[in-house]
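Numbering (our numbering), first residue to last: -9 to 649.
We put the beta carbon where it would ideally sit given N, CA and C, even for glycine.
Okay, here's the thing in structure tokens:
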């Protein structure tokens, strides 16, 4: 398929900074990949072209598309395509001293960060308080505040507490020679803004910059973009303010305004032709989002089919709603011979999946809840990655604490506390303290012997990893650590054990495949970034997911459940005046549909044991009535549809008894 005129204009424009306002399903990824090739043809060295997106999955897909376009080129150089965090990690690995780090630093994941906050917070702090403090620290970093700036900006007692904790948190990270995920953006920004020579070197390295999903950038990410692009502004950013749905995690759609201010010569090209949805869905989407204010107006259109009316269902309660969705999926899958993977059920909150799961099981419909425990979130994977982290970085205390207890050794909390006191007094990490025979002698004999054994295993594995690489290290780690025996001892259920052992085998095989390369410490840091948002493939199953998780995806059949006031839009968002973002969320939901879209709501729900009446979402009322088929408005059509479904159900039952 050739580029349409707007896409071609976006690809070929190189006269200055460019904003591509790309509506849902308008082919933005193709524009980015084609522009990378066009830049190379115009003489820009491929390895000086940098494309940045938000997820590993999106980066992989973009890299695969680009590789197909480059495969005939004789030039072996390839563009850098990565997430913001992966680029930040690369910057820190190339210039660690500029960020106050030593080579081989660790990257703390969400669990590590949460554990550190728990250790530093006031004794007895409640989970909600701890989460609020973690969010505050993340917010400081996303806005580019260091601890001094955060303390200066603090006003309320809670803000002062968060700023003090932030300072202690950063001191502890520095002692561990570690960074968290927010640091992967915040520290490179600080480096580039403070060191003009370093910034110049990076701008020579990044001759052209492309940013995907620009509307999702936060303050720190925008500053990184500006630091890399400089005054010259050799960049293209692609985004859609109508799909900005991540304000709760720091995204700033107003960065569209900031870009125009910082680059007055900014050119704007709109991609308004949609290649995904029917005309009817797009007319409904345009009418809905027109209720939001816009810096740049756009109207999506399609040259495809008109499509069926959008179904609007009203169920007696949420249990009936779930059963109705399950039955409709079963009916459509058989009558249209669709793959189950072409169906998705979207909802505002994860709790809504529970009733759906039960209804789908009863209907014998295979499904996958997206957002359930992913590969990198499994305990076995986290345990073994902790071993890799401590092998690569002896200063990673969080990895030490996990690895030394997986497998379980005769090293209890009191021993670790005593070791921590000895390490602190000597200004050593836990592992380095455990390596000191004189310090171990101050502990009880049996735990001291176990620590000595652990230290020996780490030393042997580190030597092996440095000499032969990750592929040789991974199976030896499992063997020498005794991890398989540990799983067998602690797992009573044979099926669960089989699943856990298969996970270990999968991890070892993947680590040995050569999928990631580099020095041992750099590879381990890359693993931490990859683990942050990895997602398993759901196969041929119906997808159940939040609307936030569905962004960027498309399905032939989409069901949006719980379209009710208090849920979509969410009650908290209404109270806080964030109705525009909730409307954008609903817009994202309906524009996932390629052909068939159903919106459903319940008349009543049970909350805390009480049945309460709920009302339909205001967003349904904002859709054009001409595009909808509202259940109950046409009794004759409703009766005909019920008869067709009943016939289909009987046919399915009959098929079960066929020889």
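>> Taking the alpha-carbon of residue 288 as reference, which of 16, 572, 601, 31 has the nearest alpha-carbon?
In response: 16
> Out of 502, 609, 126, which has the shortest C-alpha to C-alpha gap to residue 569?
Replying inline: 609
> Hey, out of -4, 328, 474, whose CA is closest to residue 398's CA?
Replying inline: 474
> Do residue 537 and residue 338 have their C-beta atoms closer together than 8 Å?
Replying inline: yes
> DSSP three-state call for residue 504: helix, strand or coil?
Replying inline: coil
> For residue 181, which three-state DSSP category applies?
Replying inline: helix
>> Quick check on this structure: which residue in 540, 456, 270, 563 has the alpha carbon closest to the alpha carbon of residue 613?
In response: 270
>> At the level of alpha carbons, what is the spacing between residue 8 and residue 244?
In response: 16 Å
>> Would the segment 350 to 361 count as touching the segment 552 to 559 if we require 3 or more Cβ pairs under 8 Å?
In response: no
> How is the beta strand (DSSP E) around residue 533 delimited, first residue to last?
Replying inline: 532 to 536
> Where does residue 524 fall in DSSP's three states?
Replying inline: Here the model assigns residue 524 a pLDDT of 49, short of 50, so the residue's position is not dependable, and the following value carries that caveat. Residue state, collapsed to three classes: coil.
> If we call anything under 8 Å between Cβ atoms a contact, is residue 279 one with residue 575?
Replying inline: no
>> Among 422, 326, 197, whose alpha-carbon lies nearest the alpha-carbon of residue 222?
In response: 197
> So which of 190, 334, 519 has the shortest CA-CA distance to residue 535?
Replying inline: 334
> Fully enclosed by the segment 428 to 476, which alpha helix (DSSP H) runs are 4 residues long or longer?
Replying inline: 435 to 458, 460 to 471
> Which runs of the alpha helix (DSSP H), 4 residues or longer, sit entirely within the segment 146 to 233?
Replying inline: 147 to 166, 173 to 184, 186 to 195, 209 to 219
> Secondary structure at residue 121, three-state DSSP: helix, strand or coil?
Replying inline: helix
> Just to confirm, are residue 160 and residue 137 a CB contact at a threshold of 8 Å?
Replying inline: yes
> Thinking just about the alpha-carbon of each residue, which of 149, 242, 387 is nearest to the one in residue 133?
Replying inline: 242
> Hey, residue 382 and residue 94: beta-carbon distance below 8 Å or not?
Replying inline: yes
> At what residues does the alpha helix (DSSP H) containing residue 279 begin and finish?
Replying inline: 269 to 279
> In the segment 21 to 71, which residue ranges form an unbroken alpha helix (DSSP H) of at least 4 residues, counting only runs that do not cross its ends?
Replying inline: 46 to 60
> What separation, rounded to the nearest whole angstrom, lies between the Cα atoms of residue 340 and residue 346?
Replying inline: 11 Å
> What three-state label does DSSP hand residue 241 in the structure shown?
Replying inline: coil
>> Under 8 Å, with one C-beta from each stretch per pair, do the segment 446 to 456 and the segment 402 to 410 reach the 3-pair mark?
In response: no
> When the Cα of residue 423 is compared with those of 565, 212, 442, which residue comes out closest?
Replying inline: 442
>> My output table needs one value for residue 294: the three-state DSSP class, helix, strand or coil.
In response: coil
>> Using the three-state DSSP reduction, which class does residue 621 fall into: helix, strand or coil?
In response: coil
> Can you tell me whether DSSP reads residue 478 as helix, strand or coil?
Replying inline: helix
>> Could you compute how far the alpha carbon of residue 105 sits from the alpha carbon of residue 162?
In response: 12 Å
> DSSP on residue 391, reduced to helix/strand/coil?
Replying inline: helix
> For the segment 542 to 600, which segments carrying the alpha helix (DSSP H) assignment without a break, of at least 4 residues, lie completely within its bounds, in sequence order?
Replying inline: 561 to 565, 569 to 580
>> Can you list, in chain order, the residues of its chain with a C-beta nearer than 6 Å to that of residue 212? Leave out the 5 residues immediately preceding and following it.
In response: 245
>> What does the alpha-carbon distance come out to for the pair residue 373 and residue 446?
In response: 18 Å
>> Just to confirm, is the Cβ distance from residue 501 to residue 490 under 8 Å?
In response: no
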